[in-house]
Amino acid sequence: MREYYSRGRIVFQVLNYLFIGFLTLICIVPVLHVLACSFSSPAYADAHLVNLWPKGFTLAAYRFVMKSSQFWAAFLVTVKRLLIGVPLNLLLTILAAYPLSKEDTIFRQRKYYMWLYMFVMIFNAGLVPTYLLVKDLGLIDTVWALVLPTGVNVFNIVLIMNFFRGIPREIEESALVDGAMQHTILFKLYLPLAAPSIATVTLFSFMGHWNSWMDGRIYMNNMTNYPLQTYLQMMLESSDTVILNAVSFDALIEKMMVSGQNIRAAQLFISILPVLVLYPFLQRYFTTGLVMGSVKG
Amino acid sequence: MKRKKILDQNYILLHVMVWIPLIFILVFNYYPMISGFQIAFKDYKPGLGISGSSWVGLAHFKEMFQTQDVIRAFRNTLIIAIAKIVANLLVPILVALLLNEIRVKWFKRAVQTITYLPYFLSWVILASILTNILAVDGGIVNRALALFQIDPIFFLGDNNVFRQTLVMTDVWKNFGYNTIVYLAALTGIDPALYEAVTVDGAGRWRQTLHITLPGISMFIALMTILSVGSILNAGFDQVFNLYNVSVYESGDIIDTLVYRLGLQQYRYSFSTAVGMFKSLISLILIAGSNYMADRFAGYRVF
Chain A
1 MREYYSRGRI VFQVLNYLFI GFLTLICIVP VLHVLACSFS SPAYADAHLV NLWPKGFTLA
61 AYRFVMKSSQ FWAAFLVTVK RLLIGVPLNL LLTILAAYPL SKEDTIFRQR KYYMWLYMFV
121 MIFNAGLVPT YLLVKDLGLI DTVWALVLPT GVNVFNIVLI MNFFRGIPRE IEESALVDGA
181 MQHTILFKLY LPLAAPSIAT VTLFSFMGHW NSWMDGRIYM NNMTNYPLQT YLQMMLESSD
241 TVILNAVSFD ALIEKMMVSG QNIRAAQLFI SILPVLVLYP FLQRYFTTGL VMGSVKG
Chain B
1001 MKRKKILDQN YILLHVMVWI PLIFILVFNY YPMISGFQIA FKDYKPGLGI SGSSWVGLAH
1061 FKEMFQTQDV IRAFRNTLII AIAKIVANLL VPILVALLLN EIRVKWFKRA VQTITYLPYF
1121 LSWVILASIL TNILAVDGGI VNRALALFQI DPIFFLGDNN VFRQTLVMTD VWKNFGYNTI
1181 VYLAALTGID PALYEAVTVD GAGRWRQTLH ITLPGISMFI ALMTILSVGS ILNAGFDQVF
1241 NLYNVSVYES GDIIDTLVYR LGLQQYRYSF STAVGMFKSL ISLILIAGSN YMADRFAGYR
1301 VF
């Protein structure tokens, strides 16, 4: 069907494209600007002459970051928390979601368990009691402080539970007739069927661990135990001199080729990279997750 | 007989499964709630432990209502949170409506891909970017404003504009992602309705007014009701990474205050009392808004 274009319609469409284009630029320009800063020589960056294209192109800031042992230590802590935290999140999510997806008539205590899980979502114990608990358990300055308190995520449980509820009952019933046990049904039948929603939860969990900084800040006394985001935050708060002195350089010349602003920008980009690599998946599965999460159970 | 045994074992298995994550919740969520209630009504001293510290009754709560910083934090939280709720509702709806009019497929896709991006970056990263571009001396935003003869604005250091900066940057981070929900709702409207009113001679504007908006109005109402539950959450991650002492007056919120009181000034009991008070009000609001959502829109979380 060919649309009829009146003059008013054409004016609207032109303005619409311009407006939407402007909104898009607002989202991408700040990122491009900081990227340009990271590749510019400090003389230009500090004089505020860099716009969207690097001036006095240099890789000095990136070389500086690559040599920074603190940066890589922080990166390693984040990798560690991902390797432990994401599988733990997944396991606990699946274990809770499966029984809770059963009908009340089959799993009679479901309602009570459900309340125990849901209440956590709506009542927050608060910062200090949680901190004191983690301290009393002796988890301070260990990677466990970053993965155990966030082990269970009720939102993810509800998401997977809703997906499980969409799987036809007959599958479970026929397996039960064949004498299958519940854990076999869960791991052999339900999980393969739920692959897309498992992927969604994996990405949620990955992003949660990758982006979290607060727990690193409160549970880590020793700065070498900071995860990446906490380290970046410390950099943001530190003065330029502190940043430059953090790495011991043999040659003073090299130090003069970078500035605090430079280094912050370079670190920022290295830490955004993994997100950009995952971006196509994030886009796809976060949308599905959003739609699934709002589906009524 | 054997069949009965398998059924029993299966029943036990369901309990075992549900209890493993439940143990985590009991330890890391329920235990702090119980200890938190005690700490808030005691004068907690780390050396004495929770049970060793003495009860002080409502002393911390009384002090709370007499402390200017706390009252200020509650006021700021309400103002910032409500402004964010409204802005995060209106902007995504508007963008979804406008994006819906765009017929060039690749343009639409590119717009969505780019506007999602800030959603996936942490507030630490975004704060780093924002302090760079919003800098009062030579930040790229103030340089752009200078082209229009506008004096530099101290976005992150002026009490008159700090809240607006918070709301705008929050919308900036989230509108791309929030738009998805409304776009999905828009595709759910029956195309036959549009055809019917077109035959009746309705133009685009009247179509939007009489078909599109009523079509998603239930959805908008639901989102509004549910957002009431977050009226005391002004966004700790964002504020903490963007504020500084000079904008406490307009930008200090309950969560940042609780953090400073508890983990920087070591006033454990007082900080816990403020946090508990906030959690209790939030609990009432969330329960209330979910009840309303169930009552008027038939929405249930589970």
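Respectively, the protein sequence lines represent chains A and B.
Residue numbering for the first sequence follows my numbering, starting at 1 and increasing by one per position.
Residue numbering for the second sequence follows my numbering, starting at 1001 and increasing by one per position.
Cβ atoms here follow ideal geometry from the backbone N, Cα and C, with glycine treated the same way.
message = Can you pull the chain B neighbours of Lys67(A), defined as C-beta to C-beta under 7 Å?
response = Within 7 Å Cβ-Cβ: nothing; Lys67(A) doesn't reach chain B, min ~21 Å.
query = By a C-beta neighbour count over all protein chains shown, 10 Å radius and 16 as the cutoff for buried, is Gly216(A) buried or exposed?
reply = buried
key: Interfacial residues, the stretch 1099-1111 of chain B to chain E, with Cβ spacing under 9 Å   = Here the protein chains are A and B, and chain E is not one of them.
task = Ignore the nearest five residues each way along the sequence and tell me which others in Lys111(A)'s own chain have a CB closer than 8 Å to its CB.
result = Asp104
Per-residue burial, Lys188(A) [other beta carbons within 10 Å of its own, 16 or more giving buried] = exposed
inquiry  = Between the alpha carbons of Asn124(A) and Ala1192(B), how many angstroms are there, rounded?
reply    = 47 Å
ask   = Mind checking Glu170(A): buried by the 16 CB within 10 Å criterion, or exposed?
value = exposed
query = Below 8 Å between beta carbons: does that hold for Leu1285(B) and Val1274(B)?
reply = no
query = Should Ile20(A) and Val1111(B) be called a contact, given that it needs their Cβ atoms to be closer than 8 Å?
reply = yes
inquiry  = Measuring only the C-alpha atoms, how far is Ala1096(B) from Ala1083(B)?
reply    = 20 Å
ask   = CB Gly1201(B) to CB Thr1115(B), shorter than 8 Å?
value = no
request  = Note down, in chain order, all residues in the stretch 195-215 of chain A with a beta-carbon under 9 Å from any beta-carbon belonging to chain B.
outcome  = Met207, Trp210, Asn211, Ser212, Trp213, Met214
inquiry  = By the three-class DSSP mapping on this structure, what secondary structure does Ile1129(B) have?
reply    = helix
Close Cβ partners of Arg1267(B) (< 6 Å) along its chain, the five nearest in sequence each way excluded = Leu1261
task = Using only alpha-carbon positions, find the residue among Arg165(A), Val120(A), Asp46(A) that is nearest to Lys102(A).
result = Arg165(A)
task = Could you tell me which residues DSSP pairs with Lys1108(B) in its beta bridges?
result = In the DSSP output, where bridge partners are listed per residue, Lys1108(B) has none listed.
ask   = Given Gln231(A), which residues of its chain have a CB within under 6 Å of its CB, disregarding the five upstream and five downstream residues?
value = Gln is not the amino acid found at residue 231(A); the sequence shown has Tyr there. Once the five neighbours on either side are set aside, the close Cβ partners of Tyr231(A) are Ala74.
ask   = Measuring CA to CA, which of Leu228(A), Gln233(A), Met223(A) is closest to Val76(A)?
value = First, the residue type needs correcting, since residue 76(A) is Leu and not Val in the sequence shown. Cα-wise, what sits closest to Leu76(A) is Leu228(A).
inquiry  = When you compare the CB of Arg1260(B) with every CB in chain A, is at least one pair closer than 8 Å?
reply    = no
ask   = Mind checking if Gln1009(B) is an interface residue toward chain A, Cβ cutoff 8 Å exclusive?
value = yes
ask   = Got a sec, what are the start and stop residues for the alpha helix (DSSP H) Leu159(A) sits in?
value = 154-165
request  = Alpha carbon to alpha carbon, how far is Gln182(A) from Leu1013(B)? Give it in angstroms, no decimals.
outcome  = 7 Å
ask   = How would you write the range of the alpha helix (DSSP H) that Arg1206(B) sits in, first residue to last?
value = 1204-1207
query = What number of angstroms, rounded off, separates the C-alpha of Val295(A) from the C-alpha of Asn162(A)?
reply = Because the pLDDT at Val295(A) is just 44, under 50, the model does not fix this residue reliably, and the value given afterwards should be weighed accordingly. Going by the C-alpha atoms only, they are around 7 Å apart.
message = Quick check on Met1(A): buried or exposed, where buried means 16 or more other Cβ atoms within 10 Å of its Cβ?
response = Confidence in Met1(A) is poor, its pLDDT being 45 and thus under 50, which makes the residue's placement unreliable; the coordinate value appears in the next sentence. Exposed: under 16 other Cβ atoms inside 10 Å.
task = Look at Ile1085(B) and Ile1253(B) and say whether their C-beta atoms are less than 8 Å apart.
result = no
task = Output the distance between the C-alpha atoms of Gln13(A) and Leu1242(B), rounded to the nearest integer angstrom.
result = 37 Å
query = Counting contacts by CB-CB distance shorter than 8 Å, is Ile1114(B) in contact with chain A?
reply = yes
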